[in-house]
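Asks: My questions will all concern the structure given below.
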Amino acid sequence: MAEGVHGEKIISAIASDNLIFRVAILQKRAINAQISKNTESIIEAMKEAAKNDADILLLPECFLTGYDLPMTYEKSISDGDDNIKKICEKAREYRIGVVLTTFTKGRSLPQNTAFVINKSGKILMKYSKVHTCDFADEKNVESGKEFMVCDFEGILLGIMICYDREYPESARILMLKGAEIILVPNDCTSMKPRIQALSTRAYENMLGIAMANPNGANAGNSCAYSPICWDKSGKCIDNEILLADDITEGIFYADFDMNAIREYRRSEMMGNTFRKVESYSDLLNKTIKAPFIRQGQEL
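Throughout, the numbering used here is defined as the position within the sequence shown, counted from one, plus 6.
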């Protein structure tokens, strides 16, 4: 596997006791319908990331099966699939967590799923994509119903999958549920506005965000952002930890200074500080009006 680039930006203005949460971000394209080969790629990446002291490996969207659309129930895998068990075993062997992504079998349709696995090989959480792309081939994918947070080695993690991150409500709910870091498996193109939005999600919710996207022309740009956007004197600082190019295949590393992030969250005025929730009732109004009416919506 080609060597990636380390995210080396340091927030020197914030005091830290060096509690670093290192995310290894795999920027690589899976092979559709080649689960055994994709499993080998995941295990190889886990081994390399563990040698580089990563706490968790973040994969692009549906990496185990490939983001192979249209996906069918028959081609998706069960929660007890042997490849999932094998990856859990390797997590325990290498002492590294992994956000394992795949199409799984839902009630009668496939689901776009991420399993958060800890360093002991235990599945902490199964999250299925809420915002399926119902305007395209994902209209035949069963949506998840809840945004979820889990405790990974003392750090509260949330997951958004690809199109989830287009909606600010996704990150907002994860913040309200206690997330300190959001990890984003992704598989799409035209990344510039999307990575800008992720930087904003980190800023407004006061949490760290990392995204893994497959490499390729007009793709890639795997990234990570800190919530820390100004120092203690009030001077603005760049919250970009990592921004990969589009073409390079490899593992990129993003280091989150958790003590600095936690100190920042205790004092700054974003996240769930001075929100005026009594004015937000329209967010739960399901009515869709022009110009937002699209074919296939439930009106």
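All C-beta atoms, glycine included, are put in the ideal place defined by N, C-alpha and C.
Flag Cys94 as yes when its Cβ comes closer than 7 Å to any non-hydrogen atom of the ligand MN, and as no otherwise.
Replies: By its list of ligands, the structure shown contains no ligand whatsoever, and the ligand MN lies outside what it can speak to.
Asks: Cβ atoms of Val155 and Ala203: under 8 Å apart, would you say?
Replies: Numbered from 1 along the sequence shown, position 197 holds the residue referred to as residue 203. Numbered from 1 along the sequence shown, position 149 holds the residue referred to as residue 155. Cβ distance not < 8 Å, so Ala203 and Val155 don't count as in contact.
Asks: Locate the alpha helix (DSSP H) running through Gln202, then write down its first and last residues.
Replies: Taking the first residue of the sequence shown as 1, we reach residue 202 at position 196. It spans Lys198 to Asn211 - the alpha helix (DSSP H) in which Gln202 sits, taken as one unbroken run.
Asks: Quick check on this structure: which residue in Ala142, Leu249, Met77 and Ala223 has the alpha carbon closest to the alpha carbon of Thr119?
Replies: Here the question's residue 119 lines up with position 113 in the sequence shown. Answer by Cα proximity: Met77.
Asks: Quick check: the Cα distance between Gly10 and Thr254, rounded to an integer number of angstroms?
Replies: By one-based count along the sequence shown, residue 10 stands at place 4. By one-based count along the sequence shown, residue 254 stands at place 248. Here Gly10 scores only 42 on pLDDT, less than 50, and its place in the model is too uncertain to base an answer on.
Asks: I want to know whether the stretch 106-122 touches the stretch 263-272 - three or more CB-CB distances under 8 Å.
Replies: No, the stretch 106-122 does not touch the stretch 263-272.
Asks: Measuring straight from C-alpha to C-alpha, what distance separates Arg178 and Asp140?
Replies: Working through the sequence shown from its first residue, we reach residue 178 at position 172. Working through the sequence shown from its first residue, we reach residue 140 at position 134. Each residue's Cα considered, the two are about 22 Å apart.
Asks: Return helix, strand or coil for Lys305, following the three-state DSSP convention.
Replies: Numbered from its first residue, the sequence shown carries residue 305 at position 299. Looking at the sequence provided, one finds Leu at residue 305 rather than Lys. Leu305: coil per DSSP, three-state reduction.
Asks: On the three-pair Cβ rule with 8 Å, is the stretch 91-105 touching the stretch 245-263?
Replies: The answer is no - the stretch 245-263 does not touch the stretch 91-105, with fewer than three Cβ pairs under 8 Å.
Asks: Quick one: residues in its chain with C-beta nearer than 7 Å to the C-beta of Arg300, no 5 flanking neighbours on either side, listed in chain order?
Replies: Along the sequence shown, one-based indexing puts residue 300 at 294. Only Phe141 meet the Cβ criterion.
Asks: What's the C-alpha gap between Phe121 and Leu130?
Replies: Reading the sequence shown from its first residue, position 115 is the one you call residue 121. Reading the sequence shown from its first residue, position 124 is the one you call residue 130. Using only the alpha carbons, I get a separation of about 7 Å.
Asks: Please state the DSSP three-state secondary structure of Lys295.
Replies: Here residue 295 refers to the residue found at position 289 when the sequence shown is read from its first residue. Lys295 falls in the coil class under three-state DSSP.
Asks: By the 10 Å Cβ neighbour count, where 16 or more other Cβ atoms means buried, how is Pro297 classified, buried or exposed?
Replies: To locate residue 297, count along the sequence shown from 1; it is residue 291. By the neighbour-count rule (16 or more Cβ atoms within 10 Å), Pro297 is not buried but exposed.
Asks: In whole angstroms, what separates the C-alpha of Thr71 from that of Ala216?
Replies: As a position in the sequence shown, residue 71 is number 65, starting the count at 1. As a position in the sequence shown, residue 216 is number 210, starting the count at 1. Spanning the two alpha carbons is a distance of roughly 22 Å.
Asks: To the nearest whole angstrom, what separates the beta carbons of Ser205 and Tyr173, a pair I think is in contact under 8 Å?
Replies: In the sequence shown, the residue the question calls residue 205 occupies position 199. In the sequence shown, the residue the question calls residue 173 occupies position 167. With a Cβ gap of about 16 Å, Ser205 and Tyr173 do not count as contacting.
Asks: Tell me, please, which residues DSSP counts as bridged to Phe262.
Replies: The sequence position of residue 262 within the sequence shown is 256, counting from 1. Phe262 pairs with Phe27.
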